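In UniProt numbering, the protein residues as written are 1 to 256.
Glycine included, C-beta positions come from ideal geometry on N, C-alpha and C.
Note that the coordinates shown come from a computational prediction; the quantities given were computed from them, not determined experimentally.
Right, one structure below, let's go through it.
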């Protein structure tokens, strides 16, 4: 047996997706073994482990199309990664979300836009990786916050204004990181302190005076770091010691 690498378990031994031991004597790809393009326990389409299946298709992409209807979803998913996109249309209705997500990543956009209505968020997230502009903006209304977050990470900054009032704080934090500067005042009073922290990091220094009374000391500390020296004086009496010290340090340094 060849060295199987770090993911080989000598106690368990390679097994297929049904739990049966894998044997090279049962392999239909004798020519790949002869050519050194598969390796027992490491690079094998019969193995149940995704890394080993993926290595097989990476080394033998011409075999991928014959496995698109394999009963094991991991094999179908990884075969779809390497098969010709023209053979993947039939997998758009595959019962396994991972397979449909791979299809969303590989088929031409004109064929996969309908997957925005797929019932599985993983598929819609994969689609978000492909869309742009108004097509991507459709996913801002998705009921699942992970899909909206994926769309927010990909969208042009100007489009993020539409997510200023998203119900999920993680989405609004992404908006605070990437939205145009002129949109940031709309998040100054956001109910989530981490959103306000992101705003305080980006808001123009002369506008930070809007946040010097923020209830979260992390926001006020950023104000003390970034406010113009003429305005930082109002934080010298802050309730938090670290904020007061930062404000005093700024004044002593004479920062403008």
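- Put simply, of 181, 248, 213 the residue whose alpha carbon is nearest the alpha carbon of residue 225 is 248.
- DSSP places residue 193 in the helix class (H, G or I) of the three-state scheme.
- DSSP places residue 78 inside the alpha helix (DSSP H), whose first and last residues are 73-82.
- Residue nearest to residue 26 within the set 44, 202, 83 is 44 (criterion: CA-CA distance).
- Counting only residues of its own chain and dropping the five nearest sequence neighbours on each side, residue 198 has a CB closer than 6 Å to the CB of 173, 176, 177.
- Here residue 167 is exposed: its Cβ has fewer than 16 other Cβ atoms, across all protein chains shown, within 10 Å.
- In this structure, residue 102 lies near residue 80, with their beta-carbon atoms less than 8 Å apart.
- Distances from the CA of residue 110 to each of 138, 97, 244, 131 were compared; the closest alpha carbon is that of 131.
- Under the criterion of beta carbons closer than 8 Å, residue 66 and residue 98 do not qualify as touching, at roughly 19 Å.
- The Cβ atoms of residue 40 and residue 21 do not sit closer than 8 Å to each other.
- Scanning its chain for C-beta atoms nearer than 6 Å, with the 5 sequence neighbours on each side dropped, one finds around residue 161 the residues 183, in chain order.
- By the neighbour-count criterion, in which a residue is buried when 16 or more other Cβ atoms sit within 10 angstroms of its Cβ, residue 241 is exposed.
- DSSP places residue 41 outside any alpha helix (DSSP H), giving it a letter other than H or E.
- Separation of residue 82 and residue 38 (C-alpha to C-alpha, rounded to the nearest whole angstrom) is 16 Å.
- When secondary structure is reduced to three states using DSSP, residue 146 falls in the helix class.
- Residue 244 has its alpha-carbon roughly 6 Å from the corresponding atom of residue 235.
- Boundaries cannot be given for residue 167, as no alpha helix (DSSP H) includes it and DSSP labels it neither H nor E.
- Residue 157 carries a helical assignment under DSSP once its states are collapsed to helix, strand and coil.
- Spatial neighbours of residue 208 in its own chain (CB-CB distance under 8 Å, excluding positions within 5 residues in sequence) are listed in chain order as 200, 222, 223, 226, 227, 231.
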